[in-house]
Structure formats: C-alpha cells, structure tokens
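Residue numbers (our numbering): 3 to 366.
Quick notes on the structure that follows.
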Amino acid sequence: METSIQKTKRTAIGRWVDRIQLYSTAQLFSVLIAVTMGLKTRQRMSHNNGIGAKGTFTFDLDPDIPPHHFLEHGKQVSCQVRHGMATFYDDAMSAIRSLSLKLSDQPFASPFDMNLNTGSISLFWNAASFLKLAKMRRQKWGIEYQDYYKKYPIGKAGAISTLRRNPTSFANLTYYAKTPFNFVGKDGVQRYAKYRAIPYDPQVEESGMIPERDKLEPENQRIIPGETRSRNYLKKELAERLKDQTVKYWFQIQIRKAEANDSESIFNCCIDWDEKEFPWMNMGVIELNEIMDWDSSNVIGFSVTNLPKGLDFIKAKSIYDYNSLNYMRSKMGIARKARLLGYKLFGKPVEIPENDNRNSSTIV
Ligand code: HEM
C-alpha cells in the first residue's frame, strides 16, 4: 500500500537534504511542545488523562525468540504501567486507550520502555503525516480531525482501529506498539520486532469496540447524550480492581528477519504483519498489584531511547520514512523535562474533577 504522503528514490544530495529536514523538524517540534505544552500548560503532548500502577514483569520467553542478552527466561523485574487515553480529560469519550510499560521502578530511568495504544494500526504512518494530523486537528468540544480523515482515508481506518468507547476496564483491552523496532540478538542477524500486550486470560473479550455510528464519524468523540459514566470511571475501575486482585497481561513480540527484497512497507505502522507468517510469541507477563496516585502517575515518563542495544529504534532517512515516527519520539526528551520543570515552577496538575465539563481537553 502506497500512501499519499510518501516519497521514494532520491539522489545523494536529496538524501542529505532529507536528513537535515528530518533533524530540524524533530528539533523544532520538540522545542515547540516543550514550550507550549510542557512549560506553559504542564501537559504531555498526549495521553494526559491516565493512571499508573506498579508490579512485576516476568520473562517467559517463547523458545522461538532468538537469544538476546536482555531476554533472560524466568527473570523477574519491577515494572510500572501507565494506562492513559488520548487526548481528552473524560474517560467516557470515544478515545485511544494506552498501556505504557517501563521495566523499572524509577520515574524515567529504565532499560526497556514501550508505549502501546489500542488497535493494531495507527492514524499516521510517518513524521510528515503525523505533523499533518497535528496541524489539521481543529478540536472543538470533542470533535477533531474531520478534515484529516476526509483527506487521508488510511488515517480514518487507523482511528477506527484504535478508538474505544466506554470499555469496561483497561484490563480487558489489547494494546499495540504499532511501529517496528530492531531485533539484533546474540547471532548478530538483523531482524525487526513489533510488540503488543493482551489480557493474560485468552478467554477475555475486548470491550469498548466502537459501534457503527462511531465508525462512520470517528471524528465525533463526544460522550453519548445522557451518559451516566463519570469523567474518571475507567481510572477508578482500575484502582478498585487492584484492591483485591492483580491485573495480568501477556507481553508479546512478533519477529521477522530482514530480507534483501523487503519493501519499505514492512515498516508502515498502518499495515499489520501477517500473523501466520510472523506469529505473536510470549515474551513475558506483566502483573500489576498496586495503583499509583495521581502525582506519581504524572511524574512518570517513557521514551523510545530507553531500550537495550539491539532492541532499539530503527534509523530513519527522512520525514517520509516510516521509521521517522520513532526518530521524532526519540527527540522529545526536552518536552518531558520542560513538563517536569513546569511542575516545579507552577505546581503539579490538579486531579480531574467530577464536574460537568464533559467532552473536554482541559482539566477544569
Ligand atoms: C504509532 C506511534 C506512536 C505510539 C504508539 C505512541 C504512543 C504513545 C503513548 C501510549 C503515550 C502515553 C505515554 C504515557 O502514558 O506517559 C505517548 C505519549 C507521547 N507521545 Fe506518542 N506515540 C506514537 C507516536 C508519537 C510521535 C510520532 C510523537 C512525536 C514526537 C510522539 C510523542 C509523544 C509525546 C511527547 C508523549 C508524551 C510523553 C511525556 O511527556 O512523557 N508520539 N505516546
């Protein structure tokens, strides 16, 4: 599948110009987010509405996963998960839900972080389309991206895949990292990997799949008229659940060997890898046992730069390269630092109040 914001075949000078454009775009964007969101409003670029939980990660490796120094069968480490939603402060809206995993008990330092969202494909496929999405957002009271979806049907398909309306729990959703990463193990062979997290119990049915009405109009993320669920119902459900049980997920990996004739499209996060050819394999079990408070959940941060050697993100050549998404993310450290500085200078963000400010992307 070729996408309309896509360029191929460049001369040597053209490739050089592409790299400079990618570098400067990422730098400029990170400064823009650091100033306008991190410092000014003390917010993340997205997924501000969320709650953390602590627990353990136990490596339970499928024997078909090629050996890698970081992957030690049976090893147990502390982990943290932040469950969030993009981008509104109202759990009852139709929205992307997330599971971000950190294999450490620190707010940032970690040998392995992974951000995952619901749905297997994304609303954008490279830095250029990501920036188009940001530019064309035009959010007003819970309706957004209408022009973007009209112009880019692939983005609309991504929205339909990723949006969830009124799931009964974070614990019964399935989350995908979508973009591929390197997998170079002990044998030195170049492979690529995708990650996902699924409920530990395979019988659990995913809740919150969007109904036909939302598929026709994914831009309308507003709560259903007469909605009785509160702005915080989903975060509260997780806190209640963790009072008397643990929440468990399988963390899984899909691996493919690099081939000389690979098409660039294997890196496109709007195209799934064939599950029969590249089956999902268990990598370990996430077991959450303790909810985190609002402040600690806000302080925690994740990055694609927190990955072991050989499992890092794939290099990108231009803003049209599918791998430019992870390159852009790798440059966002300054936005996280600006947000933490904002907390110090102006105070930590208040909790989302249970009021009638519904369909809201502001906290009040
Ligand atoms: C398909 C690709 C992507 C996925 C799956 C993804 C997923 C996520 C998730 C799950 C979070 C929430 C993290 C949390 O709970 O703290 C997040 C936050 C964030 N994402 Fe993305 N994202 C993607 C692409 C991008 C891109 C292209 C950028 C561009 C720079 C970006 C920048 C950010 C930033 C700045 C945050 C907030 C980080 C913080 O302040 O701690 N993401 N993303």
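Here a beta-carbon is modelled for each residue, glycine too, at the ideal position from N, C-alpha and C.
Report the partner residues of residue i according to the DSSP bridge assignment.
| i | result |
| --- | --- |
| S100 | G86 and N119 |
| E289 | T58 and K250 |
| I302 | Paired residue(s): none; I302 is not in a bridge. |
| R166 | A97 and M211 |
| P201 | Y251 |
| F315 | F183 |
| S80 | T58 |
| N51 | M87 |
| Y177 | T120 and A199 |
| Y194 | N184 and R258 |
According to DSSP, is residue i part of a helix, a strand, or is it coil?
| i | result |
| --- | --- |
| N378 | A question about residue 378 goes unanswered here, because the residues of the chain that appear run from 3 up to 366. |
| N222 | strand |
| N284 | strand |
| I145 | strand |
| R140 | coil |
| Q45 | coil |
| I257 | strand |
| Q108 | coil |
| Y150 | helix |
| Y322 | coil |
| I273 | coil |
| K237 | helix |
| R243 | helix |
| K333 | coil |
| T38 | helix |
| S1 | Residue 1 is absent from the structure shown; the chain starts at 3 and stops at 366. |
| T364 | coil |
| T378 | Residue 378 lies beyond the range of the chain shown here (3 to 366); nothing can be said about it. |
| I354 | coil |
| G228 | coil |
| I67 | coil |
| D295 | coil |
| R12 | coil |
| L347 | helix |
| K278 | coil |
| S32 | helix |
| D20 | helix |
| P155 | helix |
| S171 | coil |
Are the CB atoms of residue i and residue j nearer to each other than 8 Å?
| i | j | result |
| --- | --- | --- |
| I162 | I212 | yes |
| V171 | S232 | Contrary to the premise, residue 171 reads as Ser rather than Val in this sequence. Not in contact: S171 and S232 (Cβ atoms no closer than 8 Å). |
| W282 | R198 | yes |
| I365 | A130 | no |
| G187 | P68 | yes |
| I302 | N222 | no |
| D115 | L309 | yes |
| L41 | L343 | yes |
| M330 | A36 | no |
| L290 | L244 | yes |
| F315 | F183 | yes |
| I288 | K250 | yes |
| Y345 | N128 | no |
| H49 | A88 | yes |
| Y177 | S100 | yes |
| L118 | A179 | yes |
| H85 | L240 | yes |
| I123 | C271 | yes |
| Y150 | L135 | yes |
| E90 | N361 | As written in the sequence, residue 90 is Phe, which differs from the Glu given in the question. The answer is yes: Cβ separation under 8 Å. |
| M39 | A260 | no |
| G54 | Q82 | yes |
| N284 | D66 | no |
| W275 | K196 | yes |
| W296 | E214 | no |
| R44 | F280 | no |
| L165 | S102 | no |
| S326 | L24 | yes |
| T120 | G286 | no |
Do residue i and the ligand MN come close, with the Cβ less than 7 Å from some heavy atom?
| i | result |
| --- | --- |
| R243 | Of the ligands one can find in the structure shown, namely the ligand HEM, none is the ligand MN. |
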